[in-house]
Amino acid sequence: PDIFEAAIARANSHKQPKHPHPRQRHHRRVASYAAGIAAVVIMAGFAAYANMTNIELRIANMHAGFSAQMPKYTPTGYALSSPIRAEEGRVTFSFRSGDSAFDIAQQPSNWNSQTLYDNTIAGTDDTLQTVQDKGRTIYIIGGKKATWVNGGVRYDVSASSNKNRDDLI
Numbered sequence: 002p003d004i005f006e007a008a009i010a011r012a013n014s015h016k017q018p019k020h021p022h023p024r025q026r027h028h029r030r031v032a033s034y035a036a037g038i039a040a041v042v043i044m045a046g047f048a049a050y051a052n053m054t055n056i057e058l059r060i061a062n063m064h065a066g067f068s069a070q071m072p073k074y075t076p077t078g079y080a081l082s083s084p085i086r087a088e089e090g091r092v093t094f095s096f097r098s099g100d101s102a103f104d105i106a107q108q109p110s111n112w113n114s115q116t117l118y119d120n121t122i123a124g125t126d127d128t129l130q131t132v133q134d135k136g137r138t139i140y141i142i143g144g145k146k147a148t149w150v151n152g153g154v155r156y157d158v159s160a161s162s163n164k165n166r167d168d169l170i
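Its first residue numbered 2, the sequence shown is counted upward by one per residue in this note's numbering.
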């Protein structure tokens, strides 16, 4: 046998995998970058969704021109039902549970409890309860509304139906 033919018979380089073409490596790198960017976008979207209420509140505060606060308490079963509404000098939060709803409005005020009473409540024909709670004087009007001033902010609660006194407070 010829040496050349024997070498050809033993050759196996044609059985080894091909070296990747430079374009294939580029496509893998682009796919890897795209996957990383997609992961970052998804995480940022989730973080924004999780903090949506805080983001809405900051935007509302900028629009209203003062620093409103999220209520620290909501009655059981109620949840924020719509975007926080803001207009110059006023921020309103709406809460809903089934068919029942209530709004909490906040606005800056230099009034005290007496000037609040004199300017908005005196002369009202609705039933009025005056409640002292945590150093605040809260006026409950007709079982559906409550109003008070605290720390330079006036709070107004308006319910779609009568609420018990504790929920309004």
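Yeah, the Cβ is synthetic: ideal placement off N, Cα and C, and Gly gets one too.
Give the DSSP-derived three-state secondary structure of K145 in the structure shown.
To locate residue 145, count along the sequence shown from 1; it is residue 144. K145: coil per DSSP, three-state reduction.
Which one or two residues does DSSP pair with S159 in a beta bridge?
Here residue 159 is taken as the residue at index 158 of the sequence shown, counted from 1. Beta-bridge pairing links S159 to D104, K146.
Selected residue, minimal CA-CA separation from D127, among R29, S33, G144:
By one-based count along the sequence shown, residue 127 stands at place 126. The shortest C-alpha separation from D127 is found at G144.
Neighbourhood of S82 by C-beta distance below 8 Å, restricted to the same chain and skipping five residues each side
Against the sequence shown, residue 82 aligns to sequence position 81. Non-local C-beta neighbours of S82 in its own chain, meaning closer than 8 Å and more than five positions away in sequence, comprise S95, F96, R97, A102, ordered along the chain.
Between the Cα of V92 and those of G78, G99, Q107, spot the shortest distance and give me the residue it belongs to.
Position 91 of the sequence shown, counted from the first residue, corresponds to residue 92. Ranking the options by Cα distance to V92, first place goes to Q107.
Rounded straight-line distance, which links the Cα of V154 to that of D119
As a position in the sequence shown, residue 119 is number 118, starting the count at 1. As a position in the sequence shown, residue 154 is number 153, starting the count at 1. Distance between the alpha carbons of D119 and V154 is about 17 Å.
Simplified DSSP state of D175, which is helix, strand or coil
In the structure as shown, the chain starts at 2 and stops at 170, and residue 175 therefore has no counterpart that could be examined.
Just curious, the beta strand (DSSP E) that F5 is in, first and last residue?
Position 4 of the sequence shown, counted from the start, is the residue given in the question as residue 5. No beta strand (DSSP E) holds F5; the alpha helix (DSSP H) holding it covers 4–11.
Could you tell me which whole beta strand (DSSP E) segments of length 3 or greater appear in the segment 52–83?
Restricting attention to beta strand (DSSP E) runs no shorter than 3 residues, the segment 52–83 encloses none.
T121 versus D104 - alpha carbon distance:
For the purposes of this step, residue 121 is taken as the residue at position 120 of the sequence shown. For the purposes of this step, residue 104 is taken as the residue at position 103 of the sequence shown. Taken atom to atom, the span from the alpha-carbon of T121 to that of D104 is near 18 Å.
Return the first residue and the last residue of the alpha helix (DSSP H) that S114 is part of.
As a working note, residue 114 is residue 113 in the sequence shown. Counting along the chain, the alpha helix (DSSP H) containing S114 begins and ends at 114–117.
Of the choices H64, A80, Y79, Y74, whose alpha-carbon is the least far from that of D86?
Working through the sequence shown from its first residue, we reach residue 86 at position 85. One detail in the question is off: residue 86 reads as Arg in this sequence, not Asp. It is H64 whose Cα lies nearest to the Cα of R86.
Which residues does DSSP pair with Y140 in a beta bridge?
Translated into the one-based positions of the sequence shown, residue 140 becomes position 139. For Y140, the beta-bridge partners assigned by DSSP are T131, T148.
Taking the alpha-carbon of K135 as reference, which of I56, G152, G78, I142 has the nearest alpha-carbon?
Residue numbering aside, residue 135 sits at position 134 when the sequence shown is read from its first letter. The residue with the shortest Cα to Cα distance from K135 is G152.
Sort out for me which residues DSSP pairs E89 with in a bridge.
In the sequence shown, counting from the first residue as 1, residue 89 sits at position 88. In the DSSP assignment, E89 forms no beta bridge with any residue.
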